[in-house]
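Protein chains: 2
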Amino acid sequence: MGEFELIRHYFAAASCAQAGEGVALGIGDDCALLELPAGEQLAISTDTLVSGVHFPPSPDPYLLGQRALGVSISDLAAMGATPIGFTLALTLPCAHPDWLQAFARGLDQMAQRCMIRLIGGDTTRGPLSLTLTVFGRVPTGMALTRKGAQVGDLLCVGGDLGDAAGALPLVLGQQQAEPAVADALLARYWSPMPQLELGQALRGKASAALDISDGLLADCGHIAAASGVALIIEQAQVPLSAALLAFAGELAARQCGLSGGDDYRLAFTLPAHYLPELQQAGLPVQVIGRVAVGQGVTLLNVHGQPVQQPHSGYQHFGSARD
Amino acid sequence: MGEFELIRHYFAAASCAQAGEGVALGIGDDCALLELPAGEQLAISTDTLVSGVHFPPSPDPYLLGQRALGVSISDLAAMGATPIGFTLALTLPCAHPDWLQAFARGLDQMAQRCMIRLIGGDTTRGPLSLTLTVFGRVPTGMALTRKGAQVGDLLCVGGDLGDAAGALPLVLGQQQAEPAVADALLARYWSPMPQLELGQALRGKASAALDISDGLLADCGHIAAASGVALIIEQAQVPLSAALLAFAGELAARQCGLSGGDDYRLAFTLPAHYLPELQQAGLPVQVIGRVAVGQGVTLLNVHGQPVQQPHSGYQHFGSARD
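Quick note, the sequences are listed as chains A and B, same order. Sequential numbering of the first sequence, starting at 1, is according to the numbering used here. Sequential numbering of the second sequence, starting at 1001, is according to the numbering used here.
As structure tokens, this is what we get:
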């Protein structure tokens, strides 16, 4: 089966989604073609997931499909963009029909939820890895970036943190938990839901934003560096789920919330006067700190005293901090 | 060194190229942002190159950088698009500074030649592979696709074929050749120059086009299938280089020209009245056949009789023909 046939056969649902306004030409030619309405910019992000690095070896293909696309779309949410389409470069040791079918079903499920369409792809034989490139649109000049946090802004996150990191012993089969707890944590690892609605609502309001993938402290460090400010986080305000607290205990849960990766929640800085409006709209906005003069990220305990953090996130290649 | 630092450090030249009009935000945030002039569409293509599959294990990193980007941009040429930018997802077993520096230098050399800018990336630890996604712009409705070849059109290619396939024994170190021959063939393998000028000149003229990556016969099959026509190729008209003929002999050279992969020359169908104009402009246009009623690709020998072809190109995954 040729490359296009393989994609057409297994990924038909994702590539024919009714979503994907702006796709002038989809799969099947040398390039896909996108159109942008006047006054909009195209947001683009590329992510690679490698077996044994970003997910356990021999993962459930259905869950892998969901996770790979969710993780990638999260970058669009972080910019306040509306999804249009994505390309999938899939490298596989062999093309097993059952595997491909389940993977495509997971991918399609996330594509439908996020209203995004598969517009191109490449299939290659090799060690299992995936590279997804996602495309979205955002009104010109309105994209949320990491640069722009202002002294006095609130520091907020889009919900409970640490669940995905806390789920790792379950993902790896090293520990077990009662079904309700296990299901909640595993869902946050395998099916991260990009906060698209929140990101779009923050356009014109948040002064800086990103999605938390390397851990709260590390990613807040990125906002602080790009904006030339300090971020102050009150440890007690970092939201943790009941499932994570039940599974890991308070100390480990807190560490997951601060330094665990793979949250794919938004972190953002916000002028305080926008807070009531967002909360009244039912959006998941949790204030965890503020923007101050200075640099870097400072974590305060319940007594308002700085806490030392030995590790603050996950890094590929090397040890120096971003 | 963090992901952005790594990219900024080694890929500074490629990411700061003066080229890349339309890049509103480059490397360093969750997404890059592109702008499109009114009346233009965005062309997008994704390619993965895996060590040991698409290039020999332990390749010269400088040459790999050139080749990976050249191969990817060739898809933009095939659509008649003008390059804007590209993303690079680089998976490496380890981040060796010398390797990265040489790879980035090769990548940058091709980026400068093609006026394209690195706008985003991802670095991951794992078995060596690269996924590049390239972006170009093309006036709305003017992109060259595989669909549209008309009965009576000429079938043309953009120059000598088979050199890259013929170079494989040299690439793999299995054979040697005199320097002039070896240099010519190796350059066609390691530094494929996308036919951007030709592709852009074909807009509004060629009725169908693609770049030859799987071999002439296989790729002409794609045009025939997409357009619902037959393509007739006169074997004696398929252009072969002096270097390939000297190295491989006529029989093997012809087989490389017909079925070898990795040419990255354009193949296109053209109403005959456009031919003089293109040739007078000095563009590399070689007529090798014509479009006829029917389906599939037929190869004719010098006596005008059909030639049986046991193999007609390279396919990933499985054996059925496209």
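For glycine and all other residues, C-beta sits at the position ideal for the given N, C-alpha and C.
- A direct Cα-Cα distance of roughly 9 Å separates B:GLY1228 from B:GLY1148.
- Excluding residues up to 5 positions away in sequence, TYR10 lie with their Cβ nearer than 7 Å to the Cβ of A:GLN101 in the same chain.
- Under a criterion of Cβ atoms nearer than 9 Å, the residues of chain A adjacent to B:ILE1119 are, in order, ILE44.
- DSSP places B:ASP1163 inside the alpha helix (DSSP H), whose first and last residues are 1163–1166.
- In the structure shown, B:GLY1152 falls within a coil segment according to DSSP collapsed to helix, strand and coil.
- With fewer than 16 neighbouring CB atoms inside 10 Å of its own CB, A:ASP98 falls in the exposed class.
- Under DSSP, the beta-bridge partners assigned to A:GLN286 are A:VAL157.
- Beta-bridge pairing by DSSP links B:LEU1266 to B:ASP1211.
- B:SER1207 counts as buried, since at least 16 other C-beta atoms from the protein chains shown sit within 10 angstroms of its C-beta.
- Contact with chain B is absent for A:PRO194, since none of that chain's Cβ atoms lies less than 8 Å from the residue's Cβ.
- In this structure, the alpha-carbon of B:ALA1182 lies about 50 Å from that of A:ALA218.
- The C-beta of A:CYS31 comes closer than 8 Å to at least one C-beta of chain B.
- Rounded to the nearest whole angstrom, the CA to CA distance from A:ALA226 to A:ARG146 is 6 Å.
- Against chain A, the CB of B:ARG1125 has a partner CB under 8 Å away; the residue lies at that interface.
- Bounds of the beta strand (DSSP E) holding B:ILE1233 are 1230–1234.
- Using a Cβ-Cβ cut-off of 8 Å, B:ALA1201 does not count as an interface residue toward chain A, since no Cβ of chain A sits closer than that to its own.
- In terms of Cβ geometry, A:CYS220 and A:VAL151 do not form a close pair [threshold 8 Å].
- Nearest to B:GLU1250 by alpha-carbon distance, out of B:GLY1162, B:ALA1024, B:GLY1120, is B:GLY1162.
- Secondary structure note for B:LEU1036: it is in no beta strand (DSSP E), with a DSSP letter that is neither H nor E.
- In the three-state reduction of the DSSP assignment, A:SER191 falls in the coil class.
- Nearest CB-CB separation between A:ARG67 and chain B: not below the 8 Å threshold.
- The alpha-carbon of A:ALA143 is positioned some 18 Å away from that of A:ASP153.
- By the neighbour-count definition (other C-beta atoms within 10 Å, threshold 16), A:GLN308 is an exposed residue.
- Relative to A:ARG203, the option among A:ILE288, A:ALA165, A:LEU270 whose CA is nearest is A:LEU270.
- Nearest neighbour of B:LEU1025 by Cα position, chosen from B:GLY1039, B:GLY1136, B:GLY1085, B:PRO1037, turns out to be B:GLY1085.
- Under DSSP, B:THR1082 takes part in a beta bridge, and its partners are B:ARG1137.
- Contact of A:LEU172 with chain B is not assigned, every C-beta pair being separated by 8 Å or more.
- Per DSSP, A:GLY249 lies in no beta strand (DSSP E) segment; the continuous alpha helix (DSSP H) that holds it begins and ends at 242–259.
- Every alpha helix (DSSP H) stretch that sits fully inside the region 42–121 of chain A and reaches 4 residues is listed by chain position as 61–79, 97–114.
- Between B:GLY1199 and B:ALA1281, the alpha-carbon positions lie close to 13 Å from each other.
- Interface annotation for the region 1141–1161 of chain B against chain A: ALA1143, THR1145, ARG1146, criterion Cβ-Cβ distance under 7 Å.
- The continuous beta strand (DSSP E) containing A:GLY296 extends over residues 296–300.
- Residues of the region 77–90 of chain A that bring their beta carbon within less than 9 Å of a beta carbon in chain B comprise ALA77, ALA78, MET79, ALA81, GLY85, THR87, LEU88, ALA89, LEU90, in sequence order.
- Residue state for A:VAL293 is assigned as coil, using DSSP reduced to three classes.
- If you look at A:LEU25, you'll find it isn't in any alpha helix (DSSP H); it sits in the beta strand (DSSP E) that goes 23–25.
- In this structure, A:ASP75 and A:VAL134 form a Cβ contact; the two beta carbons are roughly 7 Å apart against a cut-off of 8 Å.
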